[in-house]
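These protein sequence lines map, in sequence, to chains D and F.
Using the working numbering, the letters of the first sequence map in sequence onto residues 1 to 211.
Using the working numbering, the letters of the second sequence map in sequence onto residues 1001 to 1211.
Quick notes on the structure that follows.
There are 2 protein chains.
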Amino acid sequence: MRSQHKKEKKRAIIEAAARVFARQGYSGTVIADIAREARIGKGTIYEYFDSKEDLFFAVFEWFCQSHVAQAQVQVSDLAGGASERLKALVISIVETFAAHLDLYALTMEFWAASATIRMRNRLKADFKEVYRDFRTLISALIQEGVASGEFKGTIDPEPIAASLVGALDGLFLQVWFDETFDAIGAARKLMECMMEGMAQARGPSEGKRDQ
Amino acid sequence: MRSQHKKEKKRAIIEAAARVFARQGYSGTVIADIAREARIGKGTIYEYFDSKEDLFFAVFEWFCQSHVAQAQVQVSDLAGGASERLKALVISIVETFAAHLDLYALTMEFWAASATIRMRNRLKADFKEVYRDFRTLISALIQEGVASGEFKGTIDPEPIAASLVGALDGLFLQVWFDETFDAIGAARKLMECMMEGMAQARGPSEGKRDQ
DNA sequence: ATATTTTGACCGACTGTTCGGTCGGAAAAA
DNA sequence: TTTTTCCGACCGAACAGTCGGTCAAAATAT
Chain D
1 MRSQHKKEKK RAIIEAAARV FARQGYSGTV IADIAREARI GKGTIYEYFD SKEDLFFAVF
61 EWFCQSHVAQ AQVQVSDLAG GASERLKALV ISIVETFAAH LDLYALTMEF WAASATIRMR
121 NRLKADFKEV YRDFRTLISA LIQEGVASGE FKGTIDPEPI AASLVGALDG LFLQVWFDET
181 FDAIGAARKL MECMMEGMAQ ARGPSEGKRD Q
Chain F
1001 MRSQHKKEKK RAIIEAAARV FARQGYSGTV IADIAREARI GKGTIYEYFD SKEDLFFAVF
1061 EWFCQSHVAQ AQVQVSDLAG GASERLKALV ISIVETFAAH LDLYALTMEF WAASATIRMR
1121 NRLKADFKEV YRDFRTLISA LIQEGVASGE FKGTIDPEPI AASLVGALDG LFLQVWFDET
1181 FDAIGAARKL MECMMEGMAQ ARGPSEGKRD Q
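Next up, the structure:
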């Protein structure tokens, strides 16, 4: 009980900070708010983090880690053909986000922070990596589909994966501003449409070079 | 020269503020910075706006107005079939954004501001409208394609339009974090893929169910 | 077992600074 | 001269970060 306890407490502060930042935004949050949420004294926070900015960054890293990890677990759980799994993964991501809309505010806070000079370099590299990971995850699935003949050989997995990742972000943005917007439905229709577009034409002969 | 001059000056302040907010973010911007950028005294700003928040909101409205207007102009300029026009519009939007990446920081600032309680209601309604306008613009194009027989009758225009709008936002987010990312290329591939998925099957007989 | 010392987690009053907004008067226009 | 526009010195509230000190429990001595 020493570095163990410290680790736990640090984590607890990070989670408390995440809640407060999500609720009030970075600038709208006063260190005292976080201390109160974590039920500790203001000074204690500075035992664990050098500055408000450091704490914010720690929240960001914690958030990225847990989210990417979750998606990677999800995809490893899936079974079936590439197209089935792709569809399932995308729907699952959308549903997960939809279930944690409150945390979405945090994401926007991170985006905004990345626009300010000081934070930019710290956040940018991590964000780049997160997006790359997501693209790779989806791109791999698409490639699998191409390899198995489910998808056309002419499909270029990377940009399609990027577009899908982008669409997910974008759909959530729309939910954020209009909670009646049906992101899950839109994602389903998008997947149907893209599947149809990616599907290997099965009609004529059987060659890869349809026309 | 009175209300005319006032209007111009107000606009000038808004544009100066937009530049500074884009560069430094809302919290990172001090009223004095905006005054300097606009080459006026700090006090003068308060002759035109009641508060920093008001000014920020004015920037937001100015930004929305000019961007939506621009997209609407673009679409009215286009000629050709629905699929051609749709593709052209999307590419044109991507290219416009790519050419003004600096202003993208502003968009993120608006998103983040919408996460704070006070700003939220003011921004939310406008944002909702902007997204609705964009969706409607694209949805109308898709509907046109369905009506003309270019697209399948089973296509549901609204969610597809929403996904497209989302994908554009999302692609830009990726550019923001990795300037080597090729959003224009990705958008092209996405359009190809979706077009293929939306296209009326022309191969066998004329039914929907090929195979 | 008990007393004593050491350690370090914890705290919140305090401080120096920053910044949004004001105001009284200068400058320009009418 | 009167009115309008402009200005920046000034003010006070807010806040990040500090610091001196408390206290409980771990370590050590008895």
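Note that beta-carbon positions come from the ideal geometry of N, C-alpha and C, so glycine has one too.
Contacts around residue i, its chain only, beta-carbon distance under 6 Å, and the 5 residues preceding and following it disregarded
i                  : result
leucine 1055/F     : Ala1017, Phe1049
arginine 122/D     : Phe57
histidine 5/D      : none
aspartate 33/D     : Val20
methionine 195/D   : Ser83
glycine 207/D      : Confidence at glycine 207/D is low in this model, with a pLDDT of 39, below 50, so its placement is unreliable and the value that follows should be read with caution. Answer for glycine 207/D: no residue qualifies.
phenylalanine 97/D : Phe172
arginine 1023/F    : none
arginine 118/D     : none
Host alpha helix (DSSP H) of residue i (start-end)
i                : result
aspartate 1133/F : 1117 to 1148
glycine 166/D    : 157 to 177
serine 954/F     : Only positions 1001 to 1211 of chain F appear in the structure, and residue 954/F is not among them; the question remains open.
alanine 69/D     : 52 to 77
threonine 1044/F : 1042 to 1048
arginine 1036/F  : 1031 to 1038
Beta carbon of residue i nearer than 8 Å to that of residue j
i                 : j                 : result
glycine 1166/F    : leucine 173/D     : yes
proline 1159/F    : alanine 186/D     : yes
glycine 1153/F    : serine 1083/F     : no
isoleucine 142/D  : leucine 86/D      : yes
alanine 71/D      : leucine 137/D     : yes
lysine 128/D      : aspartate 1178/F  : yes
leucine 1171/F    : serine 163/D      : yes
alanine 99/D      : tryptophan 1111/F : no
isoleucine 1031/F : lysine 1010/F     : no
glutamate 1047/F  : isoleucine 1184/F : no
Chain-order list of residues whose beta-carbon lies under 8 Å from that of residue i (same chain, five-residue window excluded)
i               : result
aspartate 126/D : Phe60, Glu61, Cys64
serine 68/D     : Contrary to the premise, residue 68/D reads as valine rather than serine in this sequence. Excluding positions up to five away in sequence, the list reads Val130, Asp133, Phe134.
lysine 1124/F   : Ser1114
alanine 1035/F  : Gly1041, Lys1042, Thr1044, Ile1045
glycine 1080/F  : Ala1088
Contact list for residue i against chain F, beta-carbon separation under 8 Å
i               : result
glutamate 109/D : Ala1112, Ala1115
valine 165/D    : Gly1170, Gln1174
glutamine 24/D  : Thr1116, Ile1117
Nonlocal neighbours in the same chain, by C-beta distance under 7 Å from residue i, ignoring five residues either side
i                : result
arginine 188/D   : Ile91
glycine 1025/F   : Glu1109
alanine 1038/F   : Ala1012, Ile1013, Ala1016
tryptophan 176/D : Tyr104
serine 1066/F    : none
glutamine 1074/F : Leu1089, Ser1092
arginine 1120/F  : Ser1114
leucine 190/D    : Ala167
Interface partners of residue i on chain F, CB under 9 Å
i                : result
isoleucine 160/D : Ala1186, Lys1189, Leu1190, Cys1193
glycine 149/D    : Per Cβ cutoff of 9 Å: no residues; glycine 149/D is ~15 Å from chain F at best.
tyrosine 131/D   : Leu1173, Gln1174, Phe1177, Asp1178, Phe1181
Partners in chain F for residue i, counting only beta-carbon separations shorter than 7 Å
i             : result
serine 27/D   : Ser1027
alanine 105/D : Ala1115
Contact test: residue i Cβ vs the ligand HEM heavy atom, cutoff 7 Å
i                 : result
tryptophan 1111/F : Ligands are entirely absent from the displayed structure, and the ligand HEM is therefore not among its contents.
Under 7 Å by beta carbon: chain D residues contacting residue i
i                    : result
phenylalanine 1127/F : Phe177
Interface partners of residue i on chain D, CB under 9 Å
i             : result
lysine 1124/F : Trp176, Phe177, Asp178
Under 8 Å from the C-beta of residue i: neighbouring residues of chain D
i                : result
aspartate 1156/F : Lys189
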